[in-house]
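Here the sequence shown is numbered in this note's numbering, starting from 614 and rising by one per residue.
Don't be surprised by glycine CBs; every beta carbon is placed ideally from N, CA and C.
Worksheet: the structure to be examined is printed underneath.
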Amino acid sequence: MRRSTVAALLSGLALAKADANATTSAVNACNQIAQAVSSASAVFWPGTIQYTEDVSHWATSSNAIATCSVEPGTAEDVGQILQILGSTNTTFAVKGGGHATNAGFSSTTGVQIAMSRFSDVVYNNASQTVDYGMGLIWDDVYAALEPYGVNVVGGRVTGVGVGGFSTGGGYSWLTNQYGLTVDNIVGFEIVLPNGQVTNVTEASDADLFFSVKGGYNNFGIVTRITAKAYPQGQVWGGILVVAGDQWDALNNATAKFQAEVTDPKAQVLPTYNLVIGLPAASVLMFYDGPEQPVGIFDDYLALPAIEKDISTRSFLSLVQSSPSNATASTRAVFNTISLTTLTTGLLEAVVNETQFWSEELALNSATFISYDVEPFLTTLFTHGSVQASAYPPTRAQGLLPLNIYYAWGLPEDDAIAQAAAVQSAAQLKAVAIAEGQDIADAPVYGNYAVAGTPVEQIFGDSLPRMRATKERVDPQNVMGLTGGWKV
């Protein structure tokens, strides 16, 4: 007994010493960074307003108390920062829009890098491309491009950052027409782990270009993306909210939309929600044209609406009609499965899961239970070649992501909510497989996947090429000091 007590004490002392060493390392790194960076950048400490903004996330469960935050203003300063972090072996995180729902993916107790100063949006008419910085949210990008009558393939709802979205895949209102966000990237400015600033294209470094497109932060810190621009005029659409007694009709409308609609300009995003136990589904509708198309959305528009905001409007206005910020500043988890189709049977299972987990988690401070289904055209992956990007690792069949989202209030309920999201995904996957969907080994979307998902399930056959590239550009594993989907 005494031996075990002594062992426990020694173990505790060792952990305390390790924590103290880590804190000392981070303070040292913060001080070195403050001395090394140019006047375009700044370091902030706890207690300052800017520090608080730098470490804050859309989901409070993703927040961490960093030793300091740093806002780099140039790619060269990012290089200085990475060299210091590597030499001091200091943990760090990189935050763009702050929409990550996995704790530690863009937060840290070490050095928090906030990309907010990388906020330029530049349209190049000659090349029909757009350069955008990694500190932006999509709302900013769309607003900057609106006067030019062009757009890029980006986020569908308000408040989402461009960084993780763009480097993780990126499903858009324009995906049926042009593919994922990664399919439309033509170049990156990236700071490699050794501090070197480089511009990467398929021609300059095919393996690195491939790996960053879907591979997140494994290869350095992306500071700017160059993407294809497309003409963008007024669009038609917005949001429709319906009560729970209309969910059977909503299921029928969504299954029919998936089975019959082939117009690539048309999309919907139905979301089944229970808000403090009260059912209210939202349907975001989008048409890439100024007028309502004949017949396509009729079944949705026939549903009795609690709320309705549908009109001819700008692309930005449509994106901002989404209610995604309504649940900001709560604790949150996402999880996902990939589907090949949406049947009424599968949608009934989604409704059952929504109702079941609303009741099951009611005593665990749950406030919002949500499942969204995404009926893209199954040709969505054909806009890129088989070896175009790390994600998706296969383009053999079109896959439709389903997003599970739970929000709750108390930290002590984190593990329960996360386990529920894992269990619910497994249940829905089993239903889809029983229907005959070939998804047993289908890759899942990393921006929706819960922490702990094996990277093999995200990157699949892309992993060998990604790992070889990682070994080449980051032999000291500097990027292993930060969180995320590590290869």
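Per-residue burial, residue i [other beta carbons within 10 Å of its own, 16 or more giving buried]
{"i": "Gln648", "result": "exposed"}
{"i": "Pro1077", "result": "exposed"}
{"i": "Pro1005", "result": "buried"}
{"i": "Thr995", "result": "exposed"}
{"i": "Thr680", "result": "buried"}
{"i": "Ser651", "result": "exposed"}
{"i": "Pro917", "result": "exposed"}
{"i": "Gly890", "result": "exposed"}
{"i": "Gly908", "result": "exposed"}
{"i": "Asp1054", "result": "exposed"}
{"i": "Ala1030", "result": "buried"}
{"i": "Asp690", "result": "buried"}
{"i": "Glu920", "result": "exposed"}
{"i": "Asn965", "result": "exposed"}
{"i": "Ile852", "result": "buried"}
{"i": "Gly762", "result": "exposed"}
{"i": "Lys1099", "result": "exposed"}
{"i": "Asn644", "result": "exposed"}
{"i": "Gln1089", "result": "exposed"}
{"i": "Thr637", "result": "exposed"}
{"i": "Phe659", "result": "First, the residue type needs correcting, since residue 659 is Pro and not Phe in the sequence shown. The residue in question, Pro659, is exposed, as its Cβ has fewer than 16 Cβ neighbours within 10 Å."}
{"i": "Ser700", "result": "exposed"}
Cβ separation of residue i and residue j, assumed to be a contact under 8 Å, to the nearest whole Å
{"i": "Leu1041", "j": "Ala962", "result": "6 Å"}
{"i": "Phe981", "j": "Ala1020", "result": "4 Å"}
{"i": "Leu698", "j": "Leu1094", "result": "6 Å"}
{"i": "Tyr843", "j": "Leu787", "result": "7 Å"}
{"i": "Asp744", "j": "Ala1001", "result": "About 21 Å; that fails the 8 Å criterion."}
{"i": "Val683", "j": "Val735", "result": "Actually they are not in contact, since the Cβ atoms of Val683 and Val735 sit about 24 Å apart, beyond 8 Å."}
{"i": "Val932", "j": "Trp671", "result": "Not a contact, Cβ separation roughly 16 Å."}
{"i": "Val946", "j": "Val1063", "result": "6 Å"}
{"i": "Ser983", "j": "Asn1060", "result": "Not confirmed; about 16 Å, so no contact."}
{"i": "Val1013", "j": "Pro988", "result": "Rather than Val, the amino acid found at residue 1013 in this sequence is Leu. With 8 Å as the limit, Leu1013 and Pro988 qualify as a contact, their Cβ atoms being about 6 Å apart."}
{"i": "Ser720", "j": "Ala655", "result": "Not a contact, Cβ separation roughly 19 Å."}
{"i": "Gln1133", "j": "Thr953", "result": "The chain is shown only over 614 to 1100; residue 1133 falls outside these bounds and no answer can be derived."}
{"i": "Gly767", "j": "Gln693", "result": "With a Cβ gap of about 30 Å, Gly767 and Gln693 do not count as contacting."}
{"i": "Leu993", "j": "Asn789", "result": "6 Å"}
Residues near residue i by beta carbon distance below 7 Å, same chain, minus five either side
{"i": "Thr956", "result": "Ala868 and Glu1048"}
{"i": "Val1057", "result": "Thr949, Ile950, Ser951, Thr1066, Gln1070 and Ile1071"}
{"i": "Thr742", "result": "Val799, Thr839, Ala840, Lys841 and Ala842"}
{"i": "Ala862", "result": "Leu916"}
{"i": "Val1086", "result": "Leu805, Pro806, Leu821, Phe832 and Gly833"}
{"i": "Ser1103", "result": "Lying before the first or after the last residue shown, residue 1103 is absent from the chain, which here runs from 614 to 1100."}
{"i": "Asp1026", "result": "Asn977 and Ser978"}
For residue j and residue i, the rounded distance between their alpha carbons
{"i": "Gly782", "j": "Arg837", "result": "16 Å"}
{"i": "Thr875", "j": "Ser779", "result": "26 Å"}
{"i": "Val854", "j": "Ser895", "result": "4 Å"}
{"i": "Arg1178", "j": "Val999", "result": "Since the displayed the chain opens at 614 and closes at 1100, residue 1178 lies outside it and no answer follows."}
{"i": "Gln696", "j": "Pro903", "result": "50 Å"}
{"i": "Asp911", "j": "Val881", "result": "12 Å"}
{"i": "Ser704", "j": "Gly746", "result": "Looking at the sequence provided, one finds Thr at residue 704 rather than Ser. Between Thr704 and Gly746, the C-alpha separation is close to 24 Å."}
{"i": "Ala629", "j": "Ala639", "result": "The predicted position of Ala629 is uncertain, since its pLDDT is 40 and thus under 50; no value can be drawn from it."}
{"i": "Ile1046", "j": "Ile662", "result": "50 Å"}
{"i": "Ile726", "j": "Trp849", "result": "38 Å"}
{"i": "Thr756", "j": "Gly711", "result": "Reading the sequence as shown, one finds Ala at residue 756 and not Thr. Computed Cα separation, rounded: 19 Å."}
{"i": "Ser824", "j": "Asn865", "result": "40 Å"}
{"i": "Ala1023", "j": "Gln905", "result": "Note on residue identity: the sequence assigns Leu, not Ala, to residue 1023. Roughly 43 Å between the two C-alpha positions."}
{"i": "Pro877", "j": "Val765", "result": "16 Å"}
{"i": "Ser934", "j": "Phe731", "result": "26 Å"}
{"i": "Phe657", "j": "Thr771", "result": "28 Å"}
{"i": "Gly827", "j": "Ala713", "result": "15 Å"}
{"i": "Ala1038", "j": "Ser971", "result": "15 Å"}
{"i": "Ala816", "j": "Ala879", "result": "34 Å"}
Own chain partners of residue i with C-beta closer than 6 Å, once the 5 adjacent residues on each side are dropped
{"i": "Val986", "result": "Pro883, Leu955 and Leu1015"}
{"i": "Thr940", "result": "Phe981 and Ala1020"}
{"i": "Ser1075", "result": "Ala1003 and Pro1006"}
{"i": "Leu749", "result": "Ser732 and Val775"}
{"i": "Gly1097", "result": "Phe718, Tyr829 and Asn830"}
{"i": "Pro892", "result": "Gly857"}
Own chain partners of residue i with C-beta closer than 8 Å, once the 5 adjacent residues on each side are dropped
{"i": "Ala688", "result": "Glu802, Val804, Val810, Thr836 and Arg837"}
{"i": "Gly997", "result": "Gly792, Leu793, Val795, Asp796 and Arg1008"}
{"i": "Trp860", "result": "Tyr885, Pro892, Ala894 and Val964"}
Any non-hydrogen atom of the ligand ZN closer than 7 Å to residue i Cβ
{"i": "Lys708", "result": "The ligand ZN is not part of the structure shown, which contains no ligands of any sort."}
Review point. Can you list the alpha helix (DSSP H) stretches of 4 or more residues lying completely in the stretch 870-935, in chain order?
Key: 911-914 and 928-932
Exercise for review: Would you mind listing the alpha helix (DSSP H) stretches within the stretch 1005-1081 that are 4+ residues and don't spill past its ends, in chain order?
Suggested key: 1027-1047 and 1069-1072
Point to revise | Minimum length 3: unbroken beta strand (DSSP E) runs contained in the stretch 814-876 | key: With a minimum length of 3 residues, the continuous beta strand (DSSP E) runs that stay inside the stretch 814-876 are 834-841 and 848-856.
Review point. Going along the chain, which unbroken runs of the beta strand (DSSP E) with 3 or more residues stay wholly within the stretch 784-819?
Key: 798-804 and 810-813
Point to revise | Unbroken stretches of the beta strand (DSSP E), 3 residues or longer, contained in the stretch 672-727 | key: 681-684, 705-708 and 724-727
Exercise for review: Output the residue ranges of the alpha helix (DSSP H) runs that lie fully inside the stretch 721-773 and measure 4 residues or longer, sorted by chain position.
Suggested key: 751-758
Review point. Quick one: complete beta strand (DSSP E) runs, 3+ long, within the stretch 962-1003?
Key: 979-986
**Study point:** Entirely enclosed alpha helix (DSSP H) segments - the stretch 638-674, minimum 4 residues
**Key:** 662-668
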